[in-house]
Structures are given as C-alpha cells and as structure tokens.
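First to last, the protein sequences are chains D and W. Per my numbering, the very first residue in the first sequence carries number 321; after that it's consecutive. Per my numbering, the very first residue in the second sequence carries number 321; after that it's consecutive. Glycine included, each C-beta is placed from N, C-alpha and C at the ideal position. Have a look at the structure below before the remarks.
2 protein chains.
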Amino acid sequence: MNIGQASAASGVSAKMIRYYESIALLPAAGRRDSGYRDYATEDVHRLAFVRRARDLGFSIPQIRSLLALWSDTGRSNADVRAIAREHLAEMEEQARKLQEMIGTLKALVGSCETGRRSACPIIDELGDHRPAPATPAKPRRRAA
Amino acid sequence: MNIGQASAASGVSAKMIRYYESIALLPAAGRRDSGYRDYATEDVHRLAFVRRARDLGFSIPQIRSLLALWSDTGRSNADVRAIAREHLAEMEEQARKLQEMIGTLKALVGSCETGRRSACPIIDELGDHRPAPATPAKPRRRAA
DNA sequence: GTAATCCTTCCCATGATGGGAGGGTCAAGC
DNA sequence: GCTTGACCCTCCCATCATGGGAAGGATTAC
C-alpha cells in the first residue's frame, strides 16, 4: 500500500506520516524498488492509533510512550493509566484556565452591555491605568 | 525609558516588545541617538493593554482591532463587544472540545481501573481494530 | 507512448515566544 | 581619563504540528 492509501485509510495526512517517521515516532516504512514507502495493514492500525491519540490531545512524547505500551504485550495497565492520568491532569488544568478567562471576559461583556456610560469596561479594564469605578477584583496572577 | 524599563513596567518581555513592533501591532518606538528605543508612559500603557488582552487569550489580530478601538475615542461599544463576543465564542468552542476529550479519557481511565483483565480499554480504544491479544506480529521491519 | 497522478526529498511558513551570538552604548567606579 | 558590567541593538535559530509548494522520478490508465 502506498502512502496515499495508508493516509486515506488511517486519516493521517501523507505529510504527517513522513513527519512521524522522521521524528521516529513510527518505524521507518519499508521501501519498494522505486523508493516508494510501502505500508501493511498493521501500519495503518498504528497510524490510526496515533491519529486517535492526537484527537484526544495527547502530545507526541505521550503518544510515543503509549505506542511502546501498545506493542508491549507484557505491559501493565498501571503504566497506561499513569500516562492517561498525567494527560488528564494537564487537560483539566487547561480547562480551568480557559474557564477562568471565559468568566472574566463574560463579566466584561456583560458590564459593557448593561453600562449606559460611553466607557466600555472591556476597554477600560484592559487599559488598566484607568480601572472602572467598580472593579470586580480579578485574579492577576501569572506575574511576569 | 529604555526597553528594559518598559518591559518591567508593562510585564511584556523586551523580546516581545520588539516582535510586536516588527509586526506593526505597536507603532515603532522613538529612537535615541544611540539607536536605543525610547518609551513614554503611554507606550507602557499600550503594552500593558496588550499583555492583559493576551492573558485573556485574544489573538494578535483581535488585539490589533481592540487597540484601534482603544485609541478611538469615538468608538462604539458595540464594536468592542463584537470582538469580545467573537473571542468568547471561540473560547467556548475550545472549552467544549476540551471537555469532550476529558470526558472520553476519563471514561477510558475509569474502565481501565476497574477492569480485571489485562486488556486496557485505553489502549484498545485507541487501537480501534483492537490489536488483538494474540497479534504479536509487526515490529518486524522495525529498525529498518 | 503519452498524460495524469502519484511519490520522493527539500525548503519555507505559520504563531508566539525564547535563546543566543556578535557587537555597540551607557553609567558608575577608580 | 579608563575599565567594567549591565544594557541595548540586529540577526539567526528553535520550538510544535502542520501545510504548501517546487523539482523531479515512478506508476498507472488510456
């Protein structure tokens, strides 16, 4: 199977397949006499595995570990869970930050809507040096 | 004020200040005879504005629009709200996807924990076609 | 036998940020 | 004066995962 077919069958672009090979996330594919890469069904499975892990937000290093566990029949579930939990924690932290930003922005949009003054809190708040009269104390961590 | 002081006062790294100038997000700073950039208080305000907008996840193009509105005293709140709402929608969509991934992964981790068999759903699910407990094949062409 | 499609490698770009090299400038101390 | 160390300048490179595209060879369909 050519790279094009493998791509269509796995949902990973040919570009990415070559890239994954170049960073040794995947074993180098076999080559035909022509130089064309040649893929078997199991290669497509591996590619699909990578794509689904990427869809779940796993990073390449994490997928590297997952792949090793995947082909290791003697692996322990604990190892797999550890990677998944680590990634889960990262995602939850990311979600928390995102919700915080959403909350802040929502409040600003809300004030701007209901405000009758010409000053828009979104702008004022961002400008900082002239904070709105009723500043709803917000978390200003992330010091530089 | 030198770039270092402006950086400390605004919380934007000197590297970033130069970058923002290079992409014309900020007007080119004045220069001294020495070639050093020179910043005034209002420049620092603008920098702080950018930093806060970045903290809220606004993209550079969005900040570009916000900056224009900021310095436009005749702006309409509706314009500002439109940008904020657009960004809000993006963030909410992002949060939705993230929550979906978290949910899926949580379910997988949960099954893996309670499962007594050696097969871990995290792995199986990713593998899709289930790598089959008796398919040791493959790393054949490995290090080719 | 020819044209269309596929494959190859290599280079470039993204977005926002940091690192670092090589070299000029400033301010303080002696 | 002169030295020293901190600061600044411009470039170039790297990230991370991905895509675009060019130049050229291979395969395939008609």
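Residues that residue i contacts on chain D, provided the C-beta gap is smaller than 8 Å
i: lysine 426(W); result: Leu408
i: glutamine 414(W); result: Leu418
Residue-level contact to chain W via CB, residue i, 8 Å cutoff
i: leucine 376(D); result: yes
i: proline 453(D); result: Because proline 453(D) sits at a pLDDT of 33, beneath the cut-off of 50, its placement in the model cannot be relied upon, and the following sentence gives the value as read from the coordinates. By this cut-off, proline 453(D) is not an interface position.
i: valine 332(D); result: no
i: arginine 462(D); result: Low local confidence applies: a pLDDT of 30 at arginine 462(D) is under 50, so the model's placement there is unreliable, with the coordinate-based value given in what follows. Arginine 462(D) counts as touching chain W.
Residue-level contact to chain D via CB, residue i, 8 Å cutoff
i: alanine 388(W); result: no
i: alanine 360(W); result: no
i: lysine 335(W); result: no
i: methionine 321(W); result: no
Contact check, residue i vs residue j, beta carbons under 8 Å
i: leucine 367(W); j: isoleucine 337(W); result: yes
i: alanine 349(D); j: aspartate 363(D); result: yes
i: arginine 405(D); j: valine 429(W); result: yes
i: leucine 408(D); j: leucine 425(W); result: yes
i: valine 332(D); j: arginine 371(D); result: yes
i: leucine 418(W); j: leucine 418(D); result: yes
i: alanine 398(W); j: isoleucine 383(W); result: no
Beta-carbon neighbours of residue i, restricted to chain W and to distances below 8 Å
i: methionine 411(D); result: Leu418, Met421, Ile422 and Leu425
i: alanine 329(D); result: Correct list: empty, because the minimum Cβ distance to chain W is about 11 Å.
Option nearest residue i by Cα separation, candidates the options
i: tyrosine 356(D); options: Gly331(D), Ala326(D) and Asn397(D); result: Ala326(D)
i: proline 347(D); options: Ser391(D), Gly423(D) and Thr424(D); result: Ser391(D)
i: glutamine 414(D); options: Glu410(W), Ile422(W), Ala328(W) and His407(W); result: Ile422(W)
i: serine 330(W); options: Tyr359(W), Ser354(W) and Gln382(W); result: Tyr359(W)
i: methionine 411(D); options: Glu412(W), Glu410(W) and Glu420(W); result: Glu420(W)
i: serine 354(D); options: Arg384(D), Asn322(D) and Ala398(D); result: Asn322(D)
i: serine 342(W); options: Ile380(W), His365(W), Leu389(W) and Ser431(W); result: Ile380(W)
i: serine 396(D); options: His365(W), Cys432(W) and Ala427(W); result: Cys432(W)
Chain D residues whose Cβ lies nearer than 7 Å to that of residue i
i: alanine 404(W); result: Leu425, Leu428, Val429 and Ile442
The ligand ZN heavy atom lying under 7 Å from the CB of residue i
i: alanine 373(D); result: In terms of ligand content, the structure shown is empty, and the ligand ZN therefore cannot be addressed.
**Request:** Any chance you could list the alpha helix (DSSP H) runs of at least 4 consecutive residues sitting entirely within the stretch 397-434 of chain D, in chain order?
**Result:** Runs found: 397-434.
**Request:** For the stretch 351-382 of chain W, list the alpha helix (DSSP H) runs that are entirely contained and at least 4 residues long, ordered along the chain.
**Result:** 361-375
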